[in-house]
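Asks: Okay, here's the structure, questions in a sec.
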Amino acid sequence: MLGMVFGLRLRQSEGLLSSVLDMMGLDLPVPDHTTLSRRARTWKPLSKSNDRQPVADGPVHVLIDSTGLKVYGAGQWLEEKHGVKSQRSWRKLHLAVDADSGEIIAHSLTDQETGDASQLEPLLDHINDEIDQFTADGAYDGYPTYDAVLRHSAGARVVIPPRSNAVERPNVQASCQRDDHISSMQADGRPKWQTSTGYGKRALIETAMGRYKGIIGPRLHARSFRSQQTEAAIGVTILNRMLACGRPKSVRCEAPTAATK
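Quick note on full-length UniProt numbering: the sequence shown kicks off at 1 and runs consecutively.
Rendered as structure tokens:
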């Protein structure tokens, strides 16, 4: 975690920690870079949100999206060393963000072939809070998405823009939120639909993904997929801790009454 905060590799992190302990006068052993690499393949991060401190009580507004992370491998080395173009592999980082706090409350790392909608239920399984509103882009559009969210939180409001060729289901007695979005967008247009549903808040997850790439970095340095999952989990933990440190803790208090003359 220390190395990711300062953008260091394993050998550099080992040297930094050793120097800090020397300056503190502590005779403590420092794990070597081989040990750190080996532990990354077996370490299981806590992905549940049981211990997180919510900003406000009550259900949360969940935003979900994914972004690509480059993998530093042989293809990248050939391109930098010899200027040879090669096929570059990458991973997809799926994030679920609390719209009110900006905290990443669930995440998963998959290969580049995995679809966004397929990771919806794994992300929902890591969210213990009740969902008030679920917002995502058109990649998640479909009745299975609505069903999965409502199984998690029966009273959730799902806001996903339907596809341009989407049509309402015929001969369906129960009203569906997706059908309501289709009819509303056809009647009023997308700009008015976005305003009425609060879809604009989805920009906050774009901010979270930009924060990850700006602070942690746009690429994964680990070689094995299991270590890459650990690397992504540590990056998410770092961002949440930074966010918690910068968030003011507000306490409601009564205003003092003026002294009577």
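Ideal Cβ positions, reconstructed from N, Cα and C, are used throughout, including at glycine. Since the model is a prediction, treat every value here as computed from it, not as a measurement.
Roughly how many angstroms separate the alpha carbons of Y199 and V251, rounded to a whole number?
Replies: Approximately 31 Å, taken between the alpha carbons.
Asks: Using a Cβ-Cβ cut-off of 6 Å (strictly less than) and excluding sequence neighbours within five positions of I205, which residues of its own chain qualify?
Replies: Excluding residues within five positions, the ones whose Cβ falls inside 6 Å are L63, D65, V97.
Asks: Are there three or more Cβ pairs, one per stretch, closer than 8 Å when the stretch 97-106 is compared with the stretch 160-172?
Replies: No: fewer than three Cβ pairs fall under 8 Å.
Asks: Rounded to whole angstroms, how far is the Cβ of L123 from the Cβ of A106, which I believe are closer than 8 Å?
Replies: About 4 Å; that satisfies the 8 Å criterion.
Asks: Considering Cα atoms alone, identify which of G7, R9, L2, G138 is closest to V20.
Replies: It is L2 whose Cα lies nearest to the Cα of V20.
Asks: Rounded to a whole number of angstroms, what is the C-alpha to C-alpha distance between E168 and D179?
Replies: E168 and D179: Cα-Cα distance of roughly 5 Å.
Asks: By a C-beta neighbour count over all protein chains shown, 10 Å radius and 16 as the cutoff for buried, is S183 buried or exposed?
Replies: It is exposed - the Cβ of S183 has fewer than 16 other Cβ atoms within 10 Å.
Asks: With 16 as the cutoff for other CB atoms within 10 Å, does M242 come out buried or exposed?
Replies: Classification of M242: exposed, given that the 10 Å Cβ count is below 16.
Asks: Can you name the residues that DSSP bridges to I131?
Replies: In DSSP, I131 forms a bridge with V60.
Asks: I need the boundaries of the alpha helix (DSSP H) containing L120, first residue and last residue.
Replies: First-last of the alpha helix (DSSP H) with L120: 120-125.
Asks: Among the residues of its own chain, which have a CB less than 8 Å from the CB of W193, if the five just before and after it don't count?
Replies: Excluding residues within five positions, the ones whose Cβ falls inside 8 Å are P161, H181, S184, M185, Y199.
Asks: Assuming V30 and L17 make a contact with CB atoms under 8 Å, what is their CB distance in whole Å?
Replies: Yes, they are in contact, since the Cβ atoms of V30 and L17 sit about 5 Å apart, within 8 Å.
Asks: Within 10 angstroms of the Cβ of F6, are there 16 or more other Cβ atoms? Answer buried if so, exposed if not.
Replies: Under this definition F6 is an exposed residue.
Asks: Which class does V20 belong to by DSSP, given the choice of helix, strand or coil?
Replies: Looking at V20 - three-state DSSP - the assignment turns out to be helix.
Asks: If A232 sits next to L109, beta carbons under 8 Å apart, how far is it from one beta carbon to the other, in whole angstroms?
Replies: Right, their Cβ atoms sit about 4 Å apart.
Asks: Give the DSSP-derived three-state secondary structure of I160 in the structure shown.
Replies: Three-state DSSP puts I160 in coil, outside helix and strand.
Asks: So I105 is in the beta strand (DSSP E); what residue range does that whole segment cover?
Replies: Looking at the DSSP string, the run of the beta strand (DSSP E) that includes I105 is 104-111.
Asks: Do T135 and K201 have their CB atoms nearer than 8 Å?
Replies: In contact: T135 and K201 (Cβ atoms closer than 8 Å).
Asks: Looking only at DSSP bridge pairs, what is S183 linked to?
Replies: S183 pairs with nothing; no bridge assigned.
Asks: Roughly how many angstroms separate the alpha carbons of S13 and R157, rounded to a whole number?
Replies: One C-alpha to the other measures close to 45 Å.
Asks: Flag this pair as yes or no: are the beta carbons of P59 and E121 separated by less than 8 Å?
Replies: Taking 8 Å as the Cβ cut-off, P59 and E121 do not qualify as a contacting pair.
Asks: Assuming Y140 contacts A117 under a Cβ cut-off of 8 Å, what Cβ separation, rounded to an integer in Å, is found between them?
Replies: Contact holds; Cβ gap of about 5 Å.
Asks: How big is the Cα-Cα spacing for S89 and T230?
Replies: Each residue's Cα considered, the two are about 18 Å apart.
Asks: Under the rule that 16 or more other beta-carbon atoms within 10 Å means buried, what is S224, buried or exposed?
Replies: It counts as exposed.
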